[in-house]
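Down below is the structure, laid out as structure tokens.
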Amino acid sequence: MIFSLDVRRARKGDCLLLHFGTPKEPGLVMIDGGPTSVYGPHLKPRLLEVRAARKLDKNQSMPVEVLMVSHVDDDHIQGILDLTRELLDSVGAPFVRVATLWHNSFDDIIGQDPKELTAAMTAQFGAASLGGGLPDDATVESDEDEETVRSSLKVLASIEQGHRLRDDAGTLDHRNLGFRLNAQFNGRLITAATKSVTVGSDLKFTVAGPMKPELQALQEKHDEWLKQQQKKGKPAEASLAAYVDPSVPNLSSIVVLAAFKDKRVLLTGDARGDKILEGLELAGVLKKRATIHLDVLKVPHHGSSNNLEVDFFERITADHYVFSGDGEHGNPERESVEMLFKARGKANFQIHFTYPIDEIDVARAADWKKEQVKEQKRKAAGSKKAPRPNWSPANQSLAAFFNAQKLAGGQKICISDPAKPHVIDLLDPLGY
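Sequential numbering of the sequence shown, starting at 500, is according to the numbering used here.
Structure, rendered in structure tokens:
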């Protein structure tokens, strides 16, 4: 039996393949496609390798049981859009055939017609909102405000990307390629539930996020925001900050526990650690104040410490931890890795990084400097918050932490090699 997580390099994003079943009847689940420049060099070549290993000819499509877009951000969905557009342009049998698409779009979450929502956002915030960027004349007074605004913009940008994905999937469906939306959930929003769904040959998914109460609160906030905008106008950046707080994108992340035979993999998207714990409790797989041990944990939000506490790593333990990120936006953050080691001590586990640690640190140092300059400008303008200090490799780099950390005998650091697949085998070896 096969149950393997195939971790692809995805720059600042996520791109995963989950293999399951038997060599004679293999199954495949795709989870996210990363941002721009991931599909061509990293995802498509791997899909072609899997096709070749299965000995499919050019007239046969490779089945994909589930294509899951876990999160609304560009760093999860763009590679999937690159795939669907290529399939649209293909002649003859598509090289992959997707059975069902799992995707919660933002307009579905808030319950508004997507065309009306796009028009409203463009009118209020300008074209920048649909590209995920700050307006050219935006002035953001504090670090907290900028984080809020950028989180808001990510959500707004996802509206257009969600439209494209739904349009592509719908068109593909008319070509009998079978992109059924959230088929195992009766076409509705995917939310946390105690009942698992089965895919293919006994692969079970238990959804732990998003949670219905969180989505309901988000819908209410959106309705209130619409009322406020009708009463008075605000500068674009102020409206953005009022529209969505930094947690909203994380509230919409699909979190699933995948189980096959006696092995379990937790796929977390960009969800917040505390919400993942709540969702697992709601789904009935984690008791309050109890712990759960997994085979693989995909660390949420590329290892951002903003999403995590030590308690998360104490209550959810694993044999394998996957950190997907290249250092952009500072992720994976050293603080998150420190939390993991504080929680696990000398226990046996492996950490998987999608890029070499030194490369990650170079990007993290550049991001640190960029944010420091912003903070210095705000301080000069009267901000009460002190800017961060200069980057210190000893204090901030991952490399220095691991050099100082004495790994126990059963602890290991694994780095994805672009020249070969990075596969975590939980049952029999995948073999390709």
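Cβ coordinates follow ideal geometry from the N, Cα and C atoms, glycine included.
- One alpha carbon belongs to Ile791, the other to Lys797, and they sit about 14 angstroms apart.
- Around Gly930, the same chain offers no residue with a beta carbon nearer than 6 angstroms, after the five sequence neighbours per side are excluded.
- Collapsing the DSSP output to three states places Ala782 in coil.
- Between Gly533 and Asp574, the C-beta spacing is below 8 angstroms.
- Using a Cβ-Cβ distance cut-off of 8 angstroms, the region 806-820 and the region 766-783 are in contact, since at least three pairs of beta carbons, one from each stretch, lie closer than that value.
- Where Asp505 is concerned, the enclosing beta strand (DSSP E) starts and stops at 501-506.
- Sequence-distant partners of Val696 (beyond 5 residues in either direction) whose C-beta falls short of 6 angstroms from its own C-beta, in its chain, are Gln683, Phe704.
- With contacts defined as CB atoms closer than 8 angstroms, Phe852 and Ser915 qualify as a contacting pair.
- Within the same chain, Asp505, Arg507, Leu516, Pro920 come within 8 angstroms of Arg545 by CB-CB distance, once the 5 residues on both sides are set aside.
- Between the alpha carbons of Ser700 and Arg550 lies a distance of about 19 angstroms.
- Judged by DSSP in its simplified three-state form, Ile775 adopts helix.
- Bounds of any beta strand (DSSP E) do not take in Pro593, whose DSSP letter is neither H nor E.
- Rounded to whole angstroms, the gap between the alpha carbons of Glu524 and Arg887 is 54 angstroms.
- Taking the CA atoms as reference points, Asp794 sits about 15 angstroms from Leu785.
- Taken through DSSP and simplified to helix, strand or coil, Gly669 comes out as helix.
- Ranked by Cα distance from Arg663, the options Gly591, Leu765, Trp601, Asp581 are led by Asp581.
- The alpha-carbon separation between Met529 and Gly881 amounts to approximately 48 angstroms.
- In the three-state reduction of the DSSP assignment, Trp601 falls in the strand class.
- Note on geometry: alpha-carbon atoms of Leu527 and Thr521 lie some 11 angstroms from one another.
- When the five nearest sequence neighbours on each side are left out, the beta carbons in the same chain lying within less than 6 angstroms of the beta carbon of His541 are those of Arg507, Arg508, in order along the chain.
- Per DSSP, the continuous alpha helix (DSSP H) segment holding Ile579 begins and ends at 573-588.
- About 5 angstroms separates the beta carbons of Glu564 and Ala598, which is inside the 8 angstroms limit, making them a contact pair.
- Judged by DSSP secondary structure, Leu793 falls outside any alpha helix (DSSP H) and instead within the beta strand (DSSP E) spanning 791-797.
- By the Cβ neighbour-count rule, Pro799 is buried, with 16 or more other Cβ atoms within 10 Å of its own.
- Restricting attention to Gly578, Val922, Met561, the CA atom closest to the CA of Gly661 is found in Gly578.
- In this structure, the beta-carbon distance from Ala691 to Gly708 falls below 8 angstroms.
- In the structure shown, Asp513 adopts coil according to DSSP, grouped into three states.
- Annotated as distal: Asp860 and Ala893, with beta-carbon spacing of 8 angstroms or more.
- When the alpha-carbon of Ser803 is set against those of Thr767, Glu780, His819, the nearest one is in Thr767.
- Here Ile753 is near Ser569, since their CB atoms are less than 8 angstroms apart.
- In this chain, the alpha helix (DSSP H) harbouring Arg877 covers 856-879.
- Rounded to the nearest whole angstrom, the CA to CA distance from Ala842 to Ile856 is 21 angstroms.
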